[in-house]
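Participant: Take this structure, written in structure tokens, and hold onto it; I'll ask about it next.
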Amino acid sequence: MFEKLPTLQADPILGLVAQCRADTNPNKIDLGVGVFKDQNGLTPVLKAVKEAEIRYLQEENSKAYLPAGGTERFISLVNELLFGQNHPVIKDNRVATIQATGGCGALRVAAQVIQRANPNSKIWVSDPSWPNHVPLLGSSGLEFRQYPYYDASKNEVDFDAMMAALEDASTGDFVLIHGSCHNPTGADLSQQQWQIVTEFVQNRGLIPFIDMAYLGFGESIDADAFGLRYMAENLPELVLANSFSKNFGLYRERTGTVSIVVKDPAQVSLVTNQLLNVAREIYSMPPAHGAALVETVLADPILKDLWIEELAQMRGRIIEMRHALVDGIQKAGCDANFDFIKKQNGMFSFLGVNENQVEELKTAYSIYMTKSSRISIAGINNNNLPYLCESIAKVLAK
Ligand SMILES: Cc1ncc(COP(=O)(O)O)c(C=O)c1O
168 MFEKLPTLQA DPILGLVAQC RADTNPNKID LGVGVFKDQN GLTPVLKAVK EAEIRYLQEE
228 NSKAYLPAGG TERFISLVNE LLFGQNHPVI KDNRVATIQA TGGCGALRVA AQVIQRANPN
288 SKIWVSDPSW PNHVPLLGSS GLEFRQYPYY DASKNEVDFD AMMAALEDAS TGDFVLIHGS
348 CHNPTGADLS QQQWQIVTEF VQNRGLIPFI DMAYLGFGES IDADAFGLRY MAENLPELVL
408 ANSFSKNFGL YRERTGTVSI VVKDPAQVSL VTNQLLNVAR EIYSMPPAHG AALVETVLAD
468 PILKDLWIEE LAQMRGRIIE MRHALVDGIQ KAGCDANFDF IKKQNGMFSF LGVNENQVEE
528 LKTAYSIYMT KSSRISIAGI NNNNLPYLCE SIAKVLAK
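Quick note on the numbering used here: the sequence shown kicks off at 168 and runs consecutively.
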């Protein structure tokens, strides 16, 4: 029976990772995969997480199921982290949050609850966006529309085009917005643009669906959460998918949360039960380990400070590499201006070179990036930087 299944195309990013792994060139550089790497090219376990892990292993006394939505303490600490202490939606008890299996699990569960609430709602997704958004959210049966997001000639958010496209959205549609560190462009909305979008969606009866996969990777936790917190304060409803994969380095532990802000506290238990019911249909119970580590870190002021410091170090390394890349390309004799890369946020930017140049960087220099020229800045370090900059300058000089 299974032989009748169609052959699937390889996932472009995972395919690139496999190609890079098989490449024997000692100078090869992987700018494809979206995982933080330190100066030595390693994805470390954070010290705060390691300490939490030691404590957890000593204290853990059962492997019985967790509460289906995660522990109460985890949920309350995470709500406080995301929305901020004393945020009105927390004070007014207007948030339904449950633990999720990473950001992907959160997106999937949220989409299914949206589909149950209104199967006619469309989800407006930025063009470009993270390639997994459409398959993940689409599997719930929801329809998509795209809004233009990036002006490749100016290397910045094309805000006018975005807002013009959203004019066509209907009441009850959802606008998927990257909370910070837009993947793949690195171009984020300014605070003023968040405010304009907030007013717009309010007037049109649209609902924001915020995907927060890189909180703290842009400027700081508070600055990166500005849009989320502002919208939550000013709008009646909002959906949030949150991932701890990147900012806690918990990729393989599948740790995140999904939240729905509702109009009235009386709706919280109804919405929570819907979230839990969808999760039950997909995977039933959440995994314990990653969430226990986040809970332990957030509950202990010393560990929390250590985590914030380590997050700042990861962010600082990315910012440093953004500057070093731009300056290095210029030093290698390239005339093109890459200054926009210094201004963008988070792990990704488009290098802005064409597909042939991407291909040449791969085949002639073993430098791997997606066809769109998205580069994962964390793949750059002081050792591979000179080779990378010289190779880019050579390819662009042709
Ligand atoms: C924009 C965006 N959303 C969600 C995710 C999902 O992350 P997770 O690994 O936690 O499922 C990612 C991961 O790369 C991402 O880039």
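Think of the CB as a built atom: it goes at the ideal place given N, C-alpha and C, for glycine as much as any other residue.
Predicted model only: the values in this text are computed from it and were never measured.
(1) Within 10 Å of its beta-carbon, does PHE169 have 16 or more other beta-carbons around it, so buried, or fewer, so exposed?
(2) Any chance you could list the alpha helix (DSSP H) runs of at least 4 consecutive residues sitting entirely within the segment 482-534, in chain order?
(3) On the three-state DSSP scale, how would you describe GLU218?
(4) Straight-line CA distance for ASN414 to SER293?
(5) Which term fits LEU395, buried or exposed, when burial requires 16 or more other beta carbons within 10 angstroms of its beta carbon?
(6) ASP175 to ASP190, Cα distance in whole Å?
(7) So who's on the other strand from LEU213, going by DSSP bridges?
(8) Tell me whether ASP205 counts as near ligand 1, meaning its Cβ is closer than 8 Å to at least one heavy atom of that ligand.
(9) Provide the residue span of the beta strand (DSSP E) that contains LEU407, from first to last.
(10) Runs of 3 residues minimum, wholly inside the segment 272-356: which ones carry the beta strand (DSSP E) assignment?
(11) From this set, PHE203, ASP178, ASN370, TRP361, which residue's C-alpha is nearest MET514's C-alpha?
(12) Hey, would you say the C-beta of TRP566 is under 8 Å away from at least one heavy atom of ligand 1?
(13) Using CA atoms only, rank isn't needed, just tell me which of ASP494, PHE507, LEU407, THR537 is closest to GLY269.
(14) What is the rounded straight-line gap between the Cα of VAL342 and the Cα of LEU198?
(15) ASP391 lies in the alpha helix (DSSP H); which residues open and close that run?
(16) Quick one: does the C-beta of ASP378 sit closer than 8 Å to a heavy atom of ligand 1?
(17) Quick one, are the C-beta atoms of GLY383 and ARG421 less than 9 Å apart?
(18) Would you say the beta carbon of ASN414 comes nearer than 8 Å to a heavy atom of ligand 1?
(19) Pick out whichever of SER347, GLY416, PRO179, ASN550 has its Cα sitting closest to the Cα of ASP389.
(20) When you compare the CB positions of GLY483 and ALA560, do they come within less than 9 Å of one another, or not?
(21) By Cβ distance, which residues of its chain are closer than 7 Å to GLU310, with the 5 residues on each side in sequence left out?
(22) Does the distance between the C-beta of LEU213 and the nearest non-hydrogen atom of ligand 1 fall short of 8 Å?
(23) Grab the span of the alpha helix (DSSP H) containing PRO255 for me, first residue to last.
(24) So does GLY201 have its beta carbon nearer than 8 Å to some heavy atom of ligand 3?
(25) If PRO432 sits next to LEU402, beta carbons under 8 Å apart, how far is it from one beta carbon to the other, in whole angstroms?
(26) Ends of the beta strand (DSSP E) at SER558?
(27) Assuming contact is defined by CB atoms lying nearer than 9 Å, are ASP355 and ASN512 in contact in what I supplied?
(28) Could you spell out the range, first to last residue, of the beta strand (DSSP E) harbouring PHE415?
(29) Measure the C-alpha to C-alpha separation of ASP494 and SER516 and round it to an integer number of angstroms.
(30) For the putative contact between TYR317 and PRO295, defined by C-beta atoms under 8 Å, what is the C-beta separation to the nearest angstrom?
(31) Between SER543 and the rest of its own chain, which residues show a CB-CB distance below 7 Å, the 5 nearest in sequence each way excluded?
(32) Should the segment 443-452 be regarded as contacting the segment 255-273, the criterion being three or more beta carbon pairs within less than 8 Å?
(33) Tell me whether ARG541 counts as near ligand 1, meaning its Cβ is closer than 8 Å to at least one heavy atom of that ligand.
(34) Does SER543 come out as helix, strand or coil in the three-state DSSP assignment?
Facilitator: If we stick to the structure as given:
(1) exposed
(2) 507-510, 522-532
(3) Here GLU218 carries a helix assignment [DSSP, helix/strand/coil].
(4) 23 Å
(5) buried
(6) The sequence given here places Leu at residue 175; Asp does not occur at that position. A direct Cα-to-Cα measurement between LEU175 and ASP190 gives close to 24 Å.
(7) In DSSP, LEU213 forms no bridge with anything.
(8) Outside the cutoff, so no.
(9) That run of the beta strand (DSSP E) goes 405-410.
(10) 289-294, 310-315, 341-345
(11) PHE203
(12) The requested residue 566 is not part of the displayed model; the chain covers only 168 to 565.
(13) LEU407
(14) The straight-line gap from Cα to Cα measures roughly 29 Å.
(15) 388-391
(16) yes
(17) no
(18) no
(19) SER347
(20) no
(21) LYS289
(22) no
(23) 255-258
(24) No copy of ligand 3 appears in this structure; the ligands present are ligand 1.
(25) That pair is no contact at about 16 Å.
(26) Per DSSP, SER558 belongs to no beta strand (DSSP E); it is in the alpha helix (DSSP H), 552-564.
(27) yes
(28) PHE415 -> no beta strand (DSSP E), and no H or E assigned at all.
(29) 16 Å
(30) The pair is a contact, with the Cβ atoms about 6 Å apart (cut-off 8 Å).
(31) LEU198, GLY199, VAL200, GLY201, MET514, PHE515
(32) yes
(33) no
(34) strand
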